[in-house]
Each structure stands twice: as structure tokens, then as C-alpha cells.
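Peer 1: Just dropping this structure here.
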């Protein structure tokens, strides 16, 4: 009986690890796709909002720093897209482009702070959801 329990626990741990790897791969793919779309889109289109989807998915990972790392990477991508010399010229004034990027960064980091705060306040809930 003990071996059967140990075996099912090991199987469960392997399954959980596999799901985490799939989730991480999905995060990387989604973030790269959003960056590509954001770079190729004409200026003024708010494709950066799509960074929120992988960010929300990052909160499902057991590593509590995953959303922070993803937000940092998305912030770098937004910064690169804003100040890239290869981006097409914008019909909008520079201040509007910078305000647009500042709004993107505020939304990303505001989401991280809000959800991290909720994670700290509701640990039993998040633990029961992951099980």
C-alpha cells in the first residue's frame, strides 16, 4: 500500500512538473508573439495590452517571482518598441507615444502589485486552486 501511495505521489509530481514546463513554454511563446505583433503594428495601436494574458498565466506558476520576471521582460519589450530607431515614424506627437508607453508600464506593474497583494492575503485559496 505504501509503495502504491509513493508511486502515485511521484506520478503526480511528474505531471505537475510537466504542466509547469508547458505553461512556461506557453508564456515565452505568447510574450514573443505579442512583441512581434507590437513591433510590426503601426504606431498608436495598443497591442501592449496583450502582455496581460501571459502575465495572468504567470500567476498560475508556483514560482512567485515569475510574474515579476515576465513584467520586467514585457517592460523591456515595450521600451525597445518605443525607442527603436527601426520603428516606423509615427503620426502622433512624441509626448503621446511616451504617454502611451508609460500607461502600458503602469498597467503591467499595477497588475503585478495588485495580484501579488492578493496572493499574500489569500494563500489558502490559491493553494486549493493549484491542487
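Numbering (the numbering used here), first residue to last: 9 to 139.
Where a beta carbon is used, it is the ideal one built from N, C-alpha and C, also for glycine.
From residue 117 to residue 17, what distance separates their C-alpha atoms?
Peer 2: Looking at the two C-alpha atoms, the distance is approximately 37 Å.
Peer 1: Going by beta carbon distance, what residues of the same chain come within less than 8 Å of residue 65, once the five residues before and after it are set aside?
Peer 2: 31, 34, 35 and 38, listed in sequence order.
Peer 1: By how many angstroms is the C-alpha of residue 112 removed from the C-alpha of residue 57?
Peer 2: Those two C-alpha atoms are separated by around 7 Å.
Peer 1: Determine whether the beta carbon atoms of residue 59 and residue 76 lie at a separation below 7 Å.
Peer 2: Contact flag unset, no.
Peer 1: Drop a sphere of 10 angstroms on the beta-carbon of residue 120, count the other beta-carbons inside from all chains shown, and report buried for 16 or more, exposed for fewer.
Peer 2: Residue 120 should be labelled buried.
Peer 1: I'd like the span of the alpha helix (DSSP H) that includes residue 92, first residue to last.
Peer 2: It is not in any alpha helix (DSSP H) - residue 92 carries neither H nor E in the DSSP assignment.
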